[in-house]
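**Student:**
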Amino acid sequence: MPRFYFHLDYPSGTTKDPEGSDHPNLEAARIEARVGLRELAADYLVAGRLLEPHGISICNAAGECLTIVSAAEAITEIIPLDVLRLPASH
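Residue 107 in my numbering is what sits at position 74 of the sequence shown, and the numbering runs on without skipping anything.
1. When DSSP builds the beta bridges, which residues end up paired with residue 45?
2. Going by C-alpha distance, which of 44, 61, 76 and 45 is nearest residue 100?
3. To the nearest angstrom, how far is the alpha carbon of residue 52 from that of residue 112?
4. Let me check one thing: in DSSP terms, what residues is residue 102 bridge-paired to?
5. Would DSSP call residue 50 helix, strand or coil?
Have a look at this one:
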């Protein structure tokens, strides 16, 4: 099973995943990245903090970036943009 590395992308730089994890294919790794970003977003939301990670770069063992999963992609799959853009009630 291939090993994928999930590097957290911040505006100020990247936090590299030193261990990686095994997944059957790239799509399974993308699903794992989306779940991880949602969990991070939930932690930031509960803490009342601005979501800092903008995404996860998924790389192979050679360090090549295979794909990037953005935080926006992960979140808008479960909270549509039109819901996020609703005006605040008064």
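A virtual CB, placed ideally from N, CA and C, is assigned to each residue, including glycine.
**Tutor:** On the basis of the supplied data:
1. Bridge partners of residue 45: none, in fact.
2. 61
3. 31 Å
4. 89
5. coil
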